[in-house]
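> Counting in this note's numbering, the sequence shown runs without a single skipped number right up to 359 at its last residue. For each residue, glycine too, the CB sits at the ideal point set by N, CA and C. Note that the structure is a prediction, hence the values are computed from the model and not measured.
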Amino acid sequence: MIEALPPSRDIAAIDIGSNSVRLVLYRLEGRAIWTVFNEKVLAGLGRDLAATGRLSPEGVTLAMTALRRFAAVLEGVRPERTLIAATAAVREAADGPEFCERVAAETGLRIRVLSGEEEAKYAAMGVLAGAPDAHGVSADMGGASLELTRLNGDGVEHGLTLPLGPFALLDPTGFDADRLRRTIDGRLKPVARDFQSDTLYAVGGAWRTLAQVHMGLRDYPLRVVHQYALSAEEALETARLVARQSRGGLEKLPGVSKKRAETLPYAGLVLEGLIGRLGLKRIEISAWGVREGWCSRPWTRRSETPIRFWRAPRPWACARGSPRPCRARWRDGSPMLSRPCPRRSGRRGTTC
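#1: Put Lys259 into one of helix, strand or coil per three-state DSSP.
#2: Between Leu158 and the rest of its own chain, which residues show a CB-CB distance below 8 Å, the 5 nearest in sequence each way excluded?
#3: Contact between the region 233-243 and the region 277-293: three or more CB pairs below 8 Å?
#4: At what residues does the alpha helix (DSSP H) containing Gly133 begin and finish?
#5: How far does the alpha helix (DSSP H) with Ile282 in it extend, from its first residue to its last?
#6: By the three-class DSSP mapping on this structure, what secondary structure does Ala6 have?
#7: Alpha carbon to alpha carbon, what distance is there between Met148 and Gly256?
#8: My parser needs the beta strand (DSSP E) runs of 3 or more residues fully inside the region 21-46; what are they?
#9: Using CA coordinates, which residue listed in Tyr33, Val67, Gly60, Thr42 is at the minimum distance from Leu49?
#10: Count the other CB atoms within 10 Å of the CB of Ser122; is the residue buried (16 or more) or exposed (fewer)?
#11: Determine the burial state of Gly83: buried for a count of at least 16 other Cβ atoms within 10 Å of its Cβ, exposed for fewer.
#12: Give the range of the beta strand (DSSP E) segment to which Ile292 is assigned.
#13: Can the beta-carbon of Ala100 be found closer than 8 Å to that of Arg298?
#14: Excluding the 5 residues preceding and the 5 following Leu35 in the sequence, name in chain order all residues of the same chain whose CB lies nearer than 6 Å to its CB.
#15: Which same chain residues, not among the five before or five after Gly115, have their C-beta less than 7 Å away from its C-beta?
#16: Measuring CB to CB, does Val232 end up less than 8 Å from Ile292?
#17: Are three or more beta carbon pairs between the region 254-271 and the region 185-200 nearer than 8 Å?
#18: Does DSSP put Thr68 in a helix, a strand or coil?
#19: For the beta strand (DSSP E) containing Arg188, name the first residue and the last one.
#20: Do the CB positions of Ala138 and Val120 come within less than 8 Å of each other?
#21: Who does Ala146 pair with in a DSSP beta bridge?
#22: Whose C-beta lies closer than 6 Å to the C-beta of Lys47 among residues of the same chain, with five residues either side of it excluded?
#23: Does Leu217 come out as helix, strand or coil in the three-state DSSP assignment?
#24: How many angstroms separate the CA atom of Arg215 from the CA atom of Thr190?
#25: Would you mind stating whether Val277 and Leu153 have Cβ atoms separated by less than 8 Å?
#26: Considering only the alpha carbon of each residue, which of Tyr129, Ala57, Glu113, Leu248 lies closest to Trp295?
#27: Alpha carbons only, please: which of Asp205, Pro228, Ala96, Gly103 is nearest the one belonging to Lys288?
#28: What residue range does the alpha helix (DSSP H) around Ala236 cover?
#29: If the criterion is Cβ atoms closer than 8 Å, does the pair Phe174 and Leu69 meet it?
#30: Just tell me which of Ala213, Gly53, Ala73 has its CA closest to the CA of Lys265.
#31: To the nearest angstrom, report how far apart Pro64 and Leu81 are at their CA atoms.
#32: Check the DSSP bridge columns for Asp17 and list the partner residues they point to.
#33: Is the Cβ-Cβ distance between Asp102 and Leu52 less than 8 Å?
#34: Run through DSSP, which three-state label would Leu171 get?
#35: Taking the straight line between their C-alpha atoms, what separation do you get for Arg88 and Arg75?
#36: Using beta-carbon positions only, say whether Leu217 and Ala246 come within less than 8 Å of one another.
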């Protein structure tokens with residue numbers, strides 16, 4: 008007897024960050040999760056925050072264009088649940104409430120502005136959803152803030168937010184690595200004792216780019232950053248490399264886009280400060296963060312323990328109702344899945 012598959016759910020998350028605005032559509036089948044659609048715009052909403060206390064006008068224009076498109080996508084997909092969340096830039100900007108009102112008026116999207124504690128918690132829950140045995144500290148770097156949260160292997164402990172995102176560190180007089188190191192150290196020192204750990208779980212696009220640089224320089228054969236690990240020495244070497252590069256030099260490094268080159272040296276210096284202050288020995292990259300943390304919430308009971316997800320493998324295409332038979336195989340040639348597809352049993356060519 009073939010077991011019935013659990014009902015699938017389509018959920019969506021729009022993440023309005025200080026640097027990027029992103030829409031991700033997810034399909035959930037039991038404990039399997041995959042990304043159906045993923046689109047990002049590097050709007051830079053928080054670029055002017057440190058200097059003016061307001062959102063970047065250019066960033067607002069780019070973000071509004073992206074959000075109108077995202078609203079149209081959601082109208083077509085109609086997911087079961089949707090999170091529309093804004094983080095540090097909108098939270099801290101004087102015109103943040105005005106921006107939220109404009110988005111609602113022009114797109115119909117109602118933004119939930121996450122507190123720093125909520126942002127830290129969801130990022131940590133995202134790490135645990137993908138790595139249930141994670142034990143250490145999660146560090147979610149956005150454009151304007153850094154969220155630190157302790158992970159004890161069983162769940163999420165306390166967390167906080169610090170003004171250590173690249174846009175919070177921008178100096179109109181120019182990039183001065185030594186001065187920035189002193190600033191970063193001064194902001195980390197009061198909280199460092201509470202976050203001492205051997206392992207840091209790094210969340211955010213800047214950390215992923217640093218990992219891609221390290222992969223490229225090592226000729227690493229797999230271009231998968233999720234759970235890619237570096238020793239503290241390797242991470243320091245990479246961080247110091249990007250911190251001393253010119254803008255042109257950064258753009259020549261593997262995995263670095265022109266827009267990411269603007270903020271990457273700041274991320275490298277923050278990582279250097281974390282390694283020194285927290286006594287880190289190992290850095291593990293997590294591609295899962297706030298959005299996946301929200302998806303992993305138990306929706307039928309109150310709990311701080313996230314649902315443990317499996318990243319859906321290719322053979323799950325049959326469970327999604329794909330018109331093509333699943334032909335994924337192991338290296339020895341045997342099929343990964345050999346049972347008939349329960350949604351198309353009885354049809355020719357539908358055995359996985």
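The answer reads as follows:
#1: coil
#2: Ala131, Val134, Leu135, Ala141, His142, Gly143, Val144, Ser145, Glu164, Tyr208
#3: The region 233-243, when compared against the region 277-293, does touch it at the 8 Å Cβ threshold.
#4: 123-137
#5: 265-285
#6: The requested residue 6 does not occur in the structure, where the chain is confined to residues 8 to 359.
#7: 23 Å
#8: 28-36
#9: Val67
#10: exposed
#11: exposed
#12: 289-293
#13: No. Outside cutoff.
#14: Same-chain partners within the cutoff: Arg16.
#15: Ala78
#16: yes
#17: no
#18: Here Thr68 sits in helix by DSSP.
#19: Segment 184-195 is the alpha helix (DSSP H) holding Arg188; no beta strand (DSSP E) there.
#20: no
#21: Leu155, Ala209
#22: Excluding residues within five positions, the ones whose Cβ falls inside 6 Å are Ser27, Arg29.
#23: helix
#24: 23 Å
#25: In contact: Val277 and Leu153 (Cβ atoms closer than 8 Å).
#26: Tyr129
#27: Closest by alpha carbon: Asp205.
#28: Counting along the chain, Ala236 falls outside any alpha helix (DSSP H), though it belongs to the beta strand (DSSP E) covering 236-238.
#29: Contact check for Phe174 against Leu69 fails: the beta carbons are separated by 8 Å or more.
#30: Ala213
#31: 25 Å
#32: Arg34
#33: no
#34: coil
#35: 19 Å
#36: yes
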